[in-house]
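For the sequence shown, position 648 (counting from the first letter as 1) is numbered 648 according to the working numbering, and the numbering increases by one without interruption.
Remarks on the structure that follows.
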Amino acid sequence: MQNFFRHLLLSVLTAAFALPLSASTWETDLPWQKEYKPDDSTIALWQFNMGEELQDSSGNGCHLAIRGSAAPTPDGKFGVGLLCRHHEGDQLKPSSALAADADILSPDGAFTVELWAKPSSDLFKQPQAFLVDKKYFHYASDRKDANSDYGFYLQQNSRQPDQYQLVATLGFGTDSVWASSSYLPFEADTWYHLAFTYDGNGKVAFFRDGELLLEKTFPGRKAIANGGNGVAIGDRFGSNFNPFPGVLDEVRISRGVVAFQTGKVTLNFTPERTVFYRLEPNQAIRLNIHNGTTKPVTQIIGTATVDTFSQNLSLHTVQPGQRALLPLMIDTSLRPGAYVAKVNLTCLWEGETRSLETEVPFDIVARPSPAMPVIMWGHGDLERLNDIGFTHSLRYFGLYKDIWDAKQPINLGNNASVISEKRLINDMMRAGVDLIISVSPGRWFAKQLDDFPEFRRLDRNGNPLAVENAAVAHPDIQKFAYNTGASIRQTYGHFPNFTSALVQTEVRDSTQVSFTPFEVKAAEEFLGGKIPDAVASKNGVHYSSLPNFPLSRVIPDNDPILKFYTWFWKDGDGWNPLHTQVHRGMKSQLNSAAGSAKTKPSTPKSFWTFFDPAVRAPSLWGSGGHVDVINQWTYSYPDPIKIGQAADEMFAMAEGNRSQQVMKMTQIIWYRSATAPNLPEKEEDRVQWEKDIPDAKFITISPTHLSEALWSKISRPVRGIMYHGWGSLFPSTHGSYCCTNHETALMLKKLVHEVVQPLGPMLLAIPDRKADIAILESFSSQMFAGRGTTGWSRSWEADMHLILQWAGLQPAIVYDETIRRDRLKDYKILVMPYCDVLTESVAKAITAFQKRGGIVVADEFLCPAILPDILVQSYSRTNTPHEDKAALQKIAADLSAQLEPFYERAVFSSNQDIVPRLRRYGKTDYLFTINDYRTYGAYLGHHRLVMEQGLPTRATVTMPRSGYVYDLVQHKLVTSAPKGEPVILEQDYAAGEGKLHMITDVPLEKIVALVKPETPSRGGKAHIFAWVCNDKNTPPNAITPIAVDIIDPEGRKAEFSGYYAAVKGSLQITFNFAPNDIPGKWTVNARCLASGNTAKKTFVLE
1 MQNFFRHLLL
11 SVLTAAFALP
21 LSASTWETDL
31 PWQKEYKPDD
41 STIALWQFNM
51 GEELQDSSGN
61 GCHLAIRGSA
71 APTPDGKFGV
81 GLLCRHHEGD
91 QLKPSSALAA
101 DADILSPDGA
111 FTVELWAKPS
121 SDLFKQPQAF
131 LVDKKYFHYA
141 SDRKDANSDY
151 GFYLQQNSRQ
161 PDQYQLVATL
171 GFGTDSVWAS
181 SSYLPFEADT
191 WYHLAFTYDG
201 NGKVAFFRDG
211 ELLLEKTFPG
221 RKAIANGGNG
231 VAIGDRFGSN
241 FNPFPGVLDE
251 VRISRGVVAF
261 QTGKVTLNFT
271 PERTVFYRLE
281 PNQAIRLNIH
291 NGTTKPVTQI
301 IGTATVDTFS
311 QNLSLHTVQP
321 GQRALLPLMI
331 DTSLRPGAYV
341 AKVNLTCLWE
351 GETRSLETEV
361 PFDIVARPSP
371 AMPVIMWGHG
381 DLERLNDIGF
391 THSLRYFGLY
401 KDIWDAKQPI
411 NLGNNASVIS
421 EKRLINDMMR
431 AGVDLIISVS
441 PGRWFAKQLD
451 DFPEFRRLDR
461 NGNPLAVENA
471 AVAHPDIQKF
481 AYNTGASIRQ
491 TYGHFPNFTS
501 ALVQTEVRDS
511 TQVSFTPFEV
521 KAAEEFLGGK
531 IPDAVASKNG
541 VHYSSLPNFP
551 LSRVIPDNDP
561 ILKFYTWFWK
571 DGDGWNPLHT
581 QVHRGMKSQL
591 NSAAGSAKTK
601 PSTPKSFWTF
611 FDPAVRAPSL
621 WGSGGHVDVI
631 NQWTYSYPDP
641 IKIGQAADEM
651 FAMAEGNRSQ
661 QVMKMTQIIW
671 YRSATAPNLP
681 EKEEDRVQWE
691 KDIPDAKFIT
701 ISPTHLSEAL
711 WSKISRPVRG
721 IMYHGWGSLF
731 PSTHGSYCCT
741 NHETALMLKK
751 LVHEVVQPLG
761 PMLLAIPDRK
771 ADIAILESFS
781 SQMFAGRGTT
791 GWSRSWEADM
801 HLILQWAGLQ
811 PAIVYDETIR
821 RDRLKDYKIL
831 VMPYCDVLTE
841 SVAKAITAFQ
851 KRGGIVVADE
861 FLCPAILPDI
871 LVQSYSRTNT
881 PHEDKAALQK
891 IAADLSAQLE
901 PFYERAVFSS
911 NQDIVPRLRR
921 YGKTDYLFTI
931 NDYRTYGAYL
941 GHHRLVMEQG
951 LPTRATVTMP
961 RSGYVYDLVQ
971 HKLVTSAPKG
981 EPVILEQDYA
991 AGEGKLHMIT
1001 DVPLEKIVAL
1011 VKPETPSRGG
1021 KAHIFAWVCN
1031 DKNTPPNAIT
1041 PIAVDIIDPE
1051 GRKAEFSGYY
1061 AAVKGSLQIT
1071 FNFAPNDIPG
1081 KWTVNARCLA
1091 SGNTAKKTFV
1101 LE
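Here is the structure:
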């Protein structure tokens, strides 16, 4: 990870990839450097020669007329040229020369447009400057006259005004495509030869001064459409005008693809991967030899040297104008570090021996050790991501139109934005940060509905619904989703730190029941009949509006309305199948791995997809389709431990796909409107952030809430933790997200470094404790009574979960489907908030549960067919946090007292504000306790909408079991209880503090380290062992956190130094030594992070 910062300057100085050390000119007087003479391929040639300034030299009669302020000038490249002028603030004034429309100017196959251009300093005032335009429309439009012919223009880099990209747009009758080069620097009063070619089969190429800049292919495209506009030279065809400020000369349109040369033979390397994991097999960097002359280059031989290691290179011939690839194999067995391969080649050209040389910087990075993913849902600078401890960062994908136009998966590697992204991905891998790509083809479609009205959702009368949500169940969009996933896989799949994809996000809030013909047909096929007349909205139909609704409020499982909504929310609205299609595309086999000598990526990490917010939907299995992971974000106010309720909802959702994992996100942002809406009128009543950023819309979560939320998340078997809101974590240019509490980032860093990193491998390995209390979130009640949390954790159902937490109980959330499948066989208590309407099968299962001794806890809204054993009156919040918390905690205390005679707790806390939760492996318990004692603080307290400040407190936590109790954060034994005696923990808690104790039957009295063989060799391997046990060498039936450092003779930590989980006390690491590792005395330091015991073992590397 340190290599990234140490060698960042080297990366910059080598221009990220592609500059050769030397590229002298071998050949001059190339065809494009000379004044042109027309030939049979010439369509039009405007040379602006003296006395014939506006004549077409091709003989085809495409003569020019001056329009606006343009004029011939003696300051041309070869004499007279065409001067075009910038008009400050007035886009209604043209400055061009115009040739009238003629069929010959619309080539029916391959063609080339080229010219000489010398910009004036006024160029840098314009975001666009047109060179040649026959198309007129440089933006997407469904008008027929907008989709013909061609345009060639410069587009400014908004961040660097002296840089422009070459852009070509081509019209094909019904639509158009755009291709663009990377951004290039331009200087005033300097001549440039600019050109683009189109091969008539979808491929566009750009050249500057003979050098190929980029090639881009649009599959399935043929000849351009013949339009009716003339050709404007130096400006757009029509207003608003965007002239090229400067002089143009030798403007030529030709049939066919013209060959351009640089006069140089260059050796560089392809801008792909330059960072590799240790021992990643069959890796190569592609050396690129470009023969930019008119003569062949032959007998190419040489070497590439890295330190004292070298490899031979050879290539037979590179023909004129051609490129050849030469693989530079990377020895990934080298120790982690930054390297430079020095490449020296000789060749024959025109009978002379010539030399080519370049330097190729690359990095070898350590293979990752097991770690809990800590994900920034968004992106920030790599240095601060590293400092906090983030393992992943999210980037956004935006090239959907290219894929839609292609109608098949495509490799987008030649796109200028992709080339830039690949440089960043290398930097991320060097820094130890994995890439997540956010992929939203369905959301993209929702923003294109004006162009694709056939994909709008419709009401019963066939009118478009006023929702920005496409009818994504359409087969064409489903196929597009697969193609998008597969295209991204082809483009980025060879980067092993591209480990994840976010498949859509926040798309079902705006979904709606739709009556397009294909949706109606699918619904009727599922229902076996017509869609019920009562169906109008995605939110269901309230039972009170339905005549003859059963007084018992128990409905048949095959009720037509329920059956429709089951279909709609599982598959019918199209989103879950769409997620699955993206997922399938992402997991498709990589066709080729650009930049490597292998057919698929080799990575120590598995690739996973995820969807969020996964429970922003009714309680029905299937949200997210077949993605690997589901995630949900939570705003922690007013009560931060409510994040556990949202997490438990996801575990209930994942029960429908037991291979699916769960991650959990905390929002770093807080809505200002919900937490501190009214700015105090008097300046003296404002706190500092209100003075500094009075218009902040999203502010920063408080440190106490952040801490409690993190502990609440990791007390559950989540597979990763996420955060969103980089702009509210660190000060930056103020947008919507503002950093209003600088302590929050420090708290997050502390928790990640002291808790998540050292304990992460263990947390990923230990299961949850099997719950015996369940909360039912009833889909039938949601559809027929308007119930449900919809992922916001604000409803009575969510508050009931809070009540159980404050009661010291550990509930699981179950769905109707869970009850139908498992019949409540594992539960002793069923809690039923807002369960107004039940299906026959669910009601029958609950009745049977009660008959065998199960306890039902419910509110006054319970379905009349079920009689509760304990009645809890529902509570409506007053929006006064301290009063609401007190009221809910009173309900918790009353419920605890009523359950006391019938239910034996696994853990008891003497303080309601110390919230316990258990996980368990074998006979070992992992006890989490979280301090939820809070008040109004100096940050937001004056608004009285959230108790954001934690307070210290004390509690006695008791467990009815014996054992040895270890503090996994402090790494020490804190107490023990002999057989037959309960564990009693009397603990002080700091504000917002969480604790984690491991209770095991076996004392952890020592740790032992061993290395075999004791004298390994460089290039060989050794096995490192660590055991945790008692003095009699008996290991615990536990998963124990261990830290291992492998130290070389120079004191440098070697690969695989890090944190581990020892299963049943045992850990084994296979260590591969590099051929350039330092020989001598090495040291293995092992530490048990439960007991704090340490072990040291030395060995000699030969």
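Here a beta-carbon is modelled for each residue, glycine too, at the ideal position from N, C-alpha and C.
Check	Outcome
Helix, strand or coil for Arg457 per DSSP?	coil
How would you call Ala897, buried or exposed, if buried means at least 16 neighbouring beta carbons within 10 angstroms?	exposed
Could you check what DSSP says for Gln408 in three-state terms: helix, strand or coil?	coil
Specify, as a first and last residue, the run of the alpha helix (DSSP H) that Lys538 falls within.	From DSSP, Lys538 is part of no alpha helix (DSSP H); its letter is neither H nor E.
Which of the three DSSP states, helix, strand or coil, is assigned to Ile641?	helix
Decide if the region 768-780 is in contact with the region 832-846; the criterion is three or more beta carbon pairs, one per stretch, under 8 Å apart.	yes
Going by beta-carbon coordinates alone, are Thr1083 and Lys1097 separated by less than 9 Å?	yes
Is the Cβ-Cβ distance between Leu98 and Phe237 less than 9 Å?	yes
Which residue's Cα is closest to the Cα of Met998: Arg1018, Thr1015, Val983, Tyr966?	Tyr966
Would a C-beta distance cut-off of 9 Å place Pro694 and Leu945 closer than the cut-off?	no
Report all residues from its chain with a CB closer than 6 Å to the CB of Ile425; omit the five preceding and five following residues, and keep chain order.	Leu435, Phe495
Which residue from Glu506, Ala481, Gly462, Val467 puts its Cα closest to that of Glu519?	Gly462
Round the Cβ separation of Ala1090 and His971 to the nearest angstrom and send it over; I've been treating them as touching at under 8 Å.	7 Å
Pick out whichever of Pro243, Pro556, Arg823, Ser180 has its Cα sitting closest to the Cα of Pro94.	Pro243
Where Lys342 and Ala304 are concerned, what is the direct C-alpha to C-alpha distance, given to the nearest angstrom?	5 Å
Are the region 267-283 and the region 314-321 touching by the rule of at least three beta carbon pairs closer than 8 Å?	no
Can you tell which of Thr1000, Phe698, Leu927 has its C-alpha closest to the C-alpha of Ser962?	Thr1000
Three-state secondary structure (DSSP) at Thr700?	strand
Using three-state DSSP, classify Gly485 as helix, strand or coil.	helix
Measuring only the C-alpha atoms, how far is Val969 from Phe928?	11 Å
Which residue spans inside the region 920-1007 form an unbroken beta strand (DSSP E) run of at least 3?	924-931, 953-959, 963-967, 972-977, 983-989, 994-1000
If you draw a straight line from the alpha carbon of Pro952 to that of Ala614, how long is it in whole angstroms?	35 Å
So Pro496 is in the beta strand (DSSP E); what residue range does that whole segment cover?	Neither: Pro496 is in no beta strand (DSSP E) and is coded neither H nor E.
For the region 468-485 against the region 397-409, do three or more pairs of beta-carbon atoms, one drawn from each stretch, fall closer than 8 Å, so that the two count as touching?	yes
Compare the Cα-Cα distances from Ala195 to each of Pro185, Thr975, Thr1070, Leu213 and report the closest residue.	Leu213
Suppose contacts are defined by Cβ-Cβ distances below 9 Å. Is Gln645 in contact with Trp806 by that definition?	no
Can you tell which of Leu399, Trp726, Ile766 has the C-alpha that lies nearest to the C-alpha of Arg920?	Ile766
I'd like the span of the alpha helix (DSSP H) that includes Asp434, first residue to last.	Segment 434-439 is the beta strand (DSSP E) holding Asp434; no alpha helix (DSSP H) there.
Exposed or buried, what is Leu10 when buried is set at 16 or more other beta-carbons lying within 10 Å of its beta-carbon?	Low per-residue confidence applies at Leu10: pLDDT is 37, beneath 50, and the placement is therefore not dependable, though the value from the model is reported in the following sentence. The residue in question, Leu10, is exposed, as its Cβ has fewer than 16 Cβ neighbours within 10 Å.
Closer than 8 Å: is that where the CB of Ser440 sits relative to any heavy atom of the ligand MN?	The ligand content of the structure shown is nil, which means the ligand MN is not present either.
Thinking Pro556 and Glu840 are a contact (beta carbons under 8 Å), I'd like their distance in whole angstroms, please.	6 Å
In terms of residues, what are the limits of the alpha helix (DSSP H) holding Arg423?	416-431
Return the residue from the list Asp175, Lys885, Trp608 that minimises the CA-CA distance to Lys401.	Asp175
Going along the chain, which unbroken runs of the alpha helix (DSSP H) with 4 or more residues stay wholly within the region 227-272?	none
If I'm right that Leu131 touches Ala117 with Cβ under 8 Å, what's the distance once you round it to whole angstroms?	7 Å
Kindly indicate which three-state DSSP category Val662 falls into: helix, strand or coil?	strand
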